[in-house]
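If you count by numbering that gives the first Met the number 0, then the sequence shown holds residues 0 to 332, one letter each, in order.
Idealized CB from N, CA, C, for every residue including glycine.
In this text, all values refer to a predicted model and were calculated from it rather than measured experimentally.
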Amino acid sequence: MIMERKIMYSAVQPSGNLTIGNYTGSIRNWVTMQEEYDCFYAIANMHAITVKQDPALLRKRTLELAAWYLACGLDPEKCVLYVQSQVPQHAELTWVLNSITYVGEMQRMTQFKDKSQKHADNINMGLMDYPVLMAADILLYMADYVPVGVDQKQHVEIARDIALRFNNRYSETFRVPEPIILKTGSKIMSLQEPTKKMSKSDENPNACVFLADDKDTVIRKFKRAVTDSDNKIAFSEDKPGISNLLGIYAAFTGKTVEEAEKAFAGTGYGDFKVAVGETVADVLAPIQAEQARILADKEYIGGILKAGAERAYKAARKTLSKVYRKVGFYTGD
Ligand code: TRP
């Protein structure tokens, strides 16, 4: 019996510079998964415009993100890499799914509430519809699994609800996806407020280490990392700063947190911070060089994204025509 490969879907928005958390928490795991699953990895530029974006910068970041994907090891022969807006079915399926999604459930979404507060002058329809677009992303490709950070889990759950609702109303159509909450390295916290997740949109530039940061910048940020006033390098809940640094060190060396604790037993905080910074910078250096090399070749990236969009289109078209038939849209045949 030939076992069908499971389908994996995930995406990142080109709305900021990637952080080391995006790398260890998402992209690095995607690289492993492409060996075992049929993977679709998107650049979610349609999600990005639900908050204000500078158009030129959005376009630039889209290519930069594609170059990071490739530099981190995503292989266009092994997975489908594409830009969301290049596959029209995302918008089309969103419209159909909108009609089986309730306003009330969208208003209750945690991220919608957070972003409404943060962007109080721009609570637009797209922001509220964001989870439906994300459901469309996932359901178009019949994904079995959706690897995401814990902050996106609620969105995958809504995608499941929408899939089940559609299947119940119109007969079996969508596969119901499961979230995979990535553990290793998915909990990299802010260097300034270590009880908060490291976020690429943080206003404090010292809070966040970007994939693009050079060695001096990385070390400077780690030197300024907030810790506590005793001098013991130990992983514990009441030491969020030190625990975060140990977690980062472990994620970048493949060691366990216990091994990291042992390695730094008796080391002072200052030296410890520099050591973690150096470790991170040394892992980033070859990836940065590769990203720059790829980014310089716009034609190469363009070709990969075009081929990716074509493959995605084929899969998406199949699902969408099924959906159009089920809901009773006239298709001309
Ligand atoms: N909303 C996700 C984020 O900001 C990105 C995303 C868009 C996504 N579509 C997706 C993730 C589909 C998983 C599956 O992180």
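- For the ligand TRP, no non-hydrogen atom lies closer than 7 Å to the CB of histidine 118.
- For aspartate 37, the CB stays at least 7 Å from every heavy atom of the ligand TRP.
- With contacts defined by Cβ atoms closer than 8 Å, valine 155 and valine 145 form a contacting pair.
- Methionine 124 sits in a helix when the DSSP states are folded into three classes.
- Taking arginine 324 as the centre and dropping the five residues before and after it, the same chain places the C-beta of Thr330 closer than 7 Å to its C-beta, in chain order.
- Below 8 Å, enough C-beta pairs join the segment 62-75 and the segment 13-26 to call them touching: three or more.
- The beta carbons of valine 217 and leucine 283 sit closer together than 8 Å.
- Aspartate 281 and phenylalanine 328 have their C-alpha atoms roughly 55 Å apart.
- Listed in chain order, the beta strand (DSSP E) runs fully inside the segment 106-194 are 144-147, 177-180, counting runs of at least 3 residues.
- For methionine 127, the shortest separation between its Cβ and any heavy atom of the ligand TRP does not lie below 7 Å.
- Between the alpha carbons of serine 320 and alanine 259 lies a distance of about 53 Å.
- Contact between arginine 174 and alanine 142 holds: CB atoms are separated by about 7 Å, below the 8 Å threshold.
- Sixteen is the threshold: since fewer than 16 other Cβ atoms of the shown chains lie within 10 Å of the Cβ of valine 102, the residue is exposed.
- Nearest to serine 9 by alpha-carbon distance, out of Leu73, Thr18, Lys51, is Leu73.
- A residue is called buried once 16 or more other Cβ atoms fall within 10 Å of its Cβ, and lysine 59, having fewer, is exposed.
- Your pair alanine 134 and isoleucine 99 does not check out as a contact, with CB atoms roughly 10 Å apart and the cut at 8 Å.
- Between cysteine 78 and glutamine 106 a beta carbon distance of about 35 Å is seen, past the 8 Å cut, so the two are scored as non-contacting.
- Valine 273 is not a Cβ neighbour of tyrosine 248, given a cutoff of 8 Å.
- Within the same chain, and ignoring the five residues on either side of methionine 7 in sequence, the residues whose Cβ sits closer than 6 Å to its Cβ are Met32, Tyr36, Cys38, Tyr144.
- Nearest C-alpha to glutamate 76 among Lys254, Ala55, Gly307: Gly307.
- Taking non-hydrogen atoms of the ligand TRP into account, the C-beta of serine 198 is found less than 7 Å away from none of them.
- With a cutoff of 7 Å, isoleucine 137 counts as near the ligand TRP, since its C-beta is closer than that to a heavy atom of the ligand.
- Taken through DSSP and simplified to helix, strand or coil, phenylalanine 271 comes out as helix.
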